[in-house]
Each structure stands twice: as C-alpha cells, then as structure tokens.
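These notes are about the structure you will find just below.
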Amino acid sequence: MRKVLVIAHGHPELNKGGGEQAAYHFYKECLKQGDDAYFLARTDAIPHGGAAFSIINPPREILMHTTHDDHFLFSNIKTRHLWGDFKGLLEKIQPEVIYIHHYFHLGIEVIKVIKDTLPNCKIVMTLHEYHAICANGGLMKKSSGELCYRSGTLDCSRCFKGSTFGPGEFYLRKRYIQTFFKLIDHFVSPSAFLKKRYVEWGIASEKITVIENGQPTLNISESEKGSSDSLSLCYIGQINPNKGLDVLLEAITLLPEEIKQRVQVDVHGSGLENQSPDYQKKIQKLVKKSKKSVRLHGRYQAEDVGNILSSAQWLIVPSIWWENSPMVIQESLNCGVPLIVSDIGGMAEKVENNVTGLHFRVGKPLALANRIVQIAEDKDLHTQLASNITPPLSLADAYKKTMDIVKQC
Numbered sequence: 158m159r160k161v162l163v164i165a166h167g168h169p170e171l172n173k174g175g176g177e178q179a180a181y182h183f184y185k186e187c188l189k190q191g192d193d194a195y196f197l198a199r200t201d202a203i204p205h206g207g208a209a210f211s212i213i214n215p216p217r218e219i220l221m222h223t224t225h226d227d228h229f230l231f232s233n234i235k236t237r238h239l240w241g242d243f244k245g246l247l248e249k250i251q252p253e254v255i256y257i258h259h260y261f262h263l264g265i266e267v268i269k270v271i272k273d274t275l276p277n278c279k280i281v282m283t284l285h286e287y288h289a290i291c292a293n294g295g296l297m298k299k300s301s302g303e304l305c306y307r308s309g310t311l312d313c314s315r316c317f318k319g320s321t322f323g324p325g326e327f328y329l330r331k332r333y334i335q336t337f338f339k340l341i342d343h344f345v346s347p348s349a350f351l352k353k354r355y356v357e358w359g360i361a362s363e364k365i366t367v368i369e370n371g372q373p374t375l376n377i378s379e380s381e382k383g384s385s386d387s388l389s390l391c392y393i394g395q396i397n398p399n400k401g402l403d404v405l406l407e408a409i410t411l412l413p414e415e416i417k418q419r420v421q422v423d424v425h426g427s428g429l430e431n432q433s434p435d436y437q438k439k440i441q442k443l444v445k446k447s448k449k450s451v452r453l454h455g456r457y458q459a460e461d462v463g464n465i466l467s468s469a470q471w472l473i474v475p476s477i478w479w480e481n482s483p484m485v486i487q488e489s490l491n492c493g494v495p496l497i498v499s500d501i502g503g504m505a506e507k508v509e510n511n512v513t514g515l516h517f518r519v520g521k522p523l524a525l526a527n528r529i530v531q532i533a534e535d536k537d538l539h540t541q542l543a544s545n546i547t548p549p550l551s552l553a554d555a556y557k558k559t560m561d562i563v564k565q566c
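Sequential numbering from 158 applies to the sequence shown in my numbering.
What follows is the structure in structure tokens.
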C-alpha cells in the first residue's frame, strides 16, 4: 500500500472547475486502487479560530485555508505562517508520493516546503492551465483580446502597459517560478498542446508526459432527443467572455429562419451575474433575440452532466481562448455525443474534425452558423460521427499510466 497525498487548488464541493474535479476523481481512484490516500484542497474561506486546516469529509479530505496574494508570482506572502502548519501536516501523513493538481491559489512555495520536509517524496504535478507562462490570467491572450502564440519578457510586458511590470519583472517572474518547478520530479499534461507550450517556455520535454484526465462512469438515462426533424444543441460550462457563449447565441441569430425553427439550444451554466454589465446585456439581448430557440437552465451539478448530454444531439464548445483539455469534451465523448468546437488549442486536439465532431473558425459566429446549417441539412452526419467516437481514457487507465511515471522518477 502506497501512502499518497493529492493536492488541489479547490475542493469540487466548493469549486466546480474542471481541474478540481480531475484532481478529486484521481484521489478517489487512488483509494479504489488500494493507496492510503489523502486529499488536501485549498480554500479561501475564513477558518474557525484561525486554524490552518479543517475537515470537509472526514477523515481523509482536508481543507487548507490559504490563498496566494501575489497574482504575478503566485506567491503566498500574507499567510506564509501557515507553511509551518503545512510542514507539520506533511510530517504527520508522511506521503511517499504527492500529486499536485495546479499551483494556482496555493502559493508556488508549497513545492519547496514539500521537498525541504520530505526530500525523498516524489512530486508529480499535473499542469491544467497556462498561468506560469502567461501573467494575463493564464489565457495566452493579449490585452487586445488577440490570441497569443508565444511568451517572452518583451512581448509579455507589452500586455501590461501603464503598470510597473516591465521586461525585467517578467524575466524575474519566469526565473522565480522555474526555480520551484525544478523541484518537481515529473509533470503530467492532459493535452499535447499544453505540453508544447510548457516545453517552449522552458520545461524539458522528457519531464512532461501527456496523460488525459481519466473519466469516471457517468450517470446516463435514456432520453428522447426530439423528433427526427429537430436539432438539439447543448452548451455546458461557465458563462464568461472567454467561453464564447455569445458566439453561439449570435450564430443562432444568423441561421435561416426555417432552420432556426428546428433548433433548440439548451444552455447549462452559471456565472453571468459575475461578468461586466456590458457582457450581461449582450447575452440577455442575444437570448431575447432568439428566445424561441434558446433555454437557459442555470447552474448544474457534476453528477447531472450524463443526463444532460443524453438528451442532446450535439455539444457546442465555442471558447475563444486556447483551452487545455475541457472536461466537458471528454464527458461528451464518454456519452457518444459528437461536438462542434473552436478550431484551436486543446479543443481542436481532442475533437477530430469530420471524425468525432466538427471545427469552426474561433470567434466567428457565421462560421459556427454554417456548421449548424450543415448538420441540419445532413441528417446522416450525426450518426456517422457518433459511430467514430471511442470511450475516453478511464480513471483506472489514467492511474496506471501515472504509476508508470512514478516508478521511473
């Protein structure tokens, strides 16, 4: 029995992001495979009595009450006194292997505390985003909204005109983060695209292995997908400008009237209330314009995804940033539902054009509208693409691939 600790930047009961879910699923699989596993998740909730830790699901799921306060360096300064408590937790659990899912919010110094406390402990980090590469929210997008194809001290500083961050600060930022990354025994990347970006940034290719996030078995009920003449489209995810819901809604307004009458778009997701007033108005206006074709369902639970997808013919992923390996793509493939996705990054990698789905030009509503017209007119296309879908990597297989890495560290 191997003693392991899985560390995540949030607990899925408190934070619904894909990275949190991937980390938790992996922890559960560790337990299933017989590991003596613990799950440590960061939270910014105020602890009772100022304690560093609390228990969310006794006895193995622990919350650490901290957050990084330097978003430029991912450094934890104000709550650095907690590292003494974290050291004590490590000494108590004594894990042989620590799996870190993300470095966001935790404070990147957590890596050094682990190595100083447990020098023989293996550290495997799963890279979920581009935050280390890109200080602009990890989006790999310029401040103008254009997609960014490379990082560099001068290029990055141009995104922060008017700030105190010049080329020198970006050089030091990269050196600071890479100093801690050198302590990692091995990295896991859920997509080849993400790996390529981190290799270009400075991590040796041989230190990163591409392993897709393992997928649990979904709860799927038999459901009607509408009449043979109807077209059921689905959007699942957060609602913010980078996820491109406005691209989808605008595409609906561009459809020929006879096709628009056949289309039903079900939107499952929340977060619109947290966006700018301008973006909220834009979404509301587009929904009103196509109200007969669009239904807003609001927040959903992770366990509902299988049933949501069981009633959809197509899943639309219209993100206008690179993405990495969107959980919803794997969930859709797990349910045998073909997709229409933006033609960039992890989306284009995970969905093969004209094989398991269709690509459209990122950020272009007309290009998406043309794809919707295509699937409306070619009724055999859905069956053809759905028949090409194979189940994504299971949790058990992802665990086995990860164990192979640990043995070689």
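Heads up, the beta-carbon is just placed ideally off N, CA and C, and yes, glycines get one too. In this text, all values refer to a predicted model and were calculated from it rather than measured experimentally.
Excluding five sequence positions before and after Asn397, the CB atoms of its chain that fall closer than 7 angstroms to its own CB belong to Gly428, Gln432, given in chain order.
For Ile532, same chain residues with a beta-carbon under 6 angstroms away, outside a window of 5 residues either side, are Leu538 in chain order.
Glu460 is classed as exposed because its beta carbon has fewer than 16 other beta carbons within 10 Å across all chains shown. Your pair Val254 and Cys291 does not check out as a contact, with CB atoms roughly 29 angstroms apart and the cut at 8 angstroms.
Here Val270 has Trp240, Phe243, Lys244 as same chain residues with Cβ atoms under 7 angstroms from its own Cβ, once five neighbours each way along the sequence are excluded. Spanning the alpha carbons of Leu304 and Ser389 requires a straight line of approximately 30 angstroms. Per DSSP, Glu369 lies in no alpha helix (DSSP H) segment and is marked neither H nor E. Pro495 is positioned such that its CB atom lies no closer than 9 angstroms to that of Ala526.
For Tyr260, there is no enclosing alpha helix (DSSP H), since its DSSP letter is neither H nor E. In the three-state reduction of the DSSP assignment, Lys353 falls in the helix class. In this structure, the straight-line span from the alpha carbon of Phe229 to that of Tyr333 is close to 11 angstroms. Its Cα nearest to that of His285, the residue Glu480 stands out among Leu263, Gly207, Gln418, Glu480.
Residue Lys400 holds the alpha-carbon nearest to the alpha-carbon of Pro475 among Lys400, Val512, Gln487, Gly455. Inter-residue distance for Val563 and Gly394 is about 33 angstroms (C-alpha atoms, whole angstroms). Under the three-state reduction of DSSP, Arg159 is assigned to coil, being neither helix nor strand. At the C-beta level, Met282 and Val356 stay beyond 9 angstroms of one another. Nearest to Tyr260 by alpha-carbon distance, out of Glu369, Asn376, Ala180, Val424, is Ala180. Counting of Cβ neighbours within 10 angstroms places Val512 among the exposed residues, the total staying below 16. With fewer than 16 other CB atoms across the displayed protein chains lying within 10 angstroms of its CB, Lys442 is exposed.
The secondary-structure analysis by DSSP pairs Ile219 across a beta bridge with Leu197, Ile212. If only uninterrupted beta strand (DSSP E) runs of at least 3 residues are considered, those enclosed by the region 488-527 are 496-499, 514-517.
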